[in-house]
Amino acid sequence: SAPSGAHLIEARIAPLRAALATHPVYAALHTVEDVRVFMQHHVFAVWDFMSLLKALQRALTSTEVPWRPVGSATTRRFINAIVLEEESDEVDGEAFSHFEMYRRAMLEIGADPGPCDRVVAAARTVSSIVKAMETQGVPPSVKAFVAATFGFVATEKPHVVAAAFTYGREEPIPDMFRALVAGLERKGQQAPTLKLYLDRHIHLDEHEHGPMAAAMLTELCGKDTVKWQEAAEAAALALEARLGLWSGVVAALSEKAPAPARQRRPARRKA
């Protein structure tokens, strides 16, 4: 039955969820340069989220002409509401996608959106995305994350995409982003647009998108045991991909950490 299916997912992802909640990335953003490194990794997740969402919109609403009603009106409303907010949100009277908002946040603190911009410009097919990531020197953790996202889309199974969407994106976002905001505030980091982006998602995903995504997945899997098992596997893979992305950020930060330490040593000798 559906409840047992949901429990199957919860049991499968419990250790991954715990690992994500305590990941060292949240406490690792000590300097503006650290935040830049984080954003240059994370922007790819902000971008490829839209392809998960659009895959669901294509499968669960009618985007064809002539139009006909598809699936349940509740699910259609949920998907279209998220598309409205993600693709054309309005803040202070100005409309922009959350990806564009994130790019603005990057520019605000001097992070380089160039590699992601060039991948987005080249993105016509999945193979073109992979090729563009290779030519732009995108970190392996980012490549693996984006590959996982488009792997879910490629299944063309709405319940698989919905599981990745629900448990890999909507459901863990509030706790993840709260931890990031707390880390930024502890270190006194000034990144107002990034903070606005994070706060907006904490609110939307916790109170609206998360619960509705779970209801969508229940509707898609119904009482089909195989679908619930596939959904549980997709949820786990999505969280593993996120852990890999976060670990890639920590690795990049640790690689650049020795340079400032070397710069500080002569200063101590002078003193």
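Just so we're aligned, residue 8 is where the sequence shown starts under this note's numbering, counting upward by one. The C-beta atom is built at its ideal place from N, Cα and C for all residues, glycine as well.
Residue 216 has its alpha-carbon roughly 7 Å from the corresponding atom of residue 89.
By the Cβ neighbour-count rule, residue 167 is buried, with 16 or more other Cβ atoms within 10 Å of its own. As the crow flies, the alpha-carbon of residue 190 is around 21 Å from that of residue 108.
In this structure the stretch 133–140 does not lie against the stretch 168–175, because fewer than three pairs of beta carbons, one per stretch, are closer than 8 Å.
Restricting attention to 263, 55, 155, 112, the CA atom closest to the CA of residue 126 is found in 55.
Nearest to residue 225 by C-alpha distance, out of 238, 31, 244, is 238.
At a cut-off of 4 residues, the continuous stretches assigned as alpha helix (DSSP H) that sit fully inside the stretch 62–109 are 80–95. Taking each of 60, 98, 50, 35 in turn and checking the Cα distance to residue 172, the smallest one comes out for 60.
DSSP, read as helix, strand or coil, puts residue 238 in helix. Here residue 41 is near residue 260, since their CB atoms are less than 7 Å apart. Around residue 156, the same chain offers 55, 58, 59 as residues with beta carbons nearer than 7 Å, after the five sequence neighbours per side are excluded. The three-state reading of DSSP puts residue 190 in helix, counting H, G and I together. Under the criterion of beta carbons closer than 8 Å, residue 32 and residue 257 qualify as touching, at roughly 5 Å.
The stretch 227–245 and the stretch 12–27 touch, with three or more beta-carbon pairs separated by less than 8 Å. Per the C-alpha coordinates, the member of 113, 160, 152, 76 positioned closest to residue 132 is 160. Residue 27 and residue 105 have their C-alpha atoms spaced approximately 23 Å apart. Using a Cβ distance threshold of 7 Å, residue 179 and residue 209 do not count as a contacting pair. A straight line joining the alpha-carbon of residue 202 with that of residue 116 spans about 12 Å. Residue 72 has its alpha-carbon roughly 30 Å from the corresponding atom of residue 177.
In summary, residue 233 is exposed, with fewer than 16 beta-carbon neighbours lying within 10 Å of its beta-carbon over all protein chains present.
For the pair residue 77 and residue 246, the Cα-to-Cα distance works out to about 29 Å. Shown here, residue 36 sits in coil according to DSSP, grouped into three states, outside any helix or strand.
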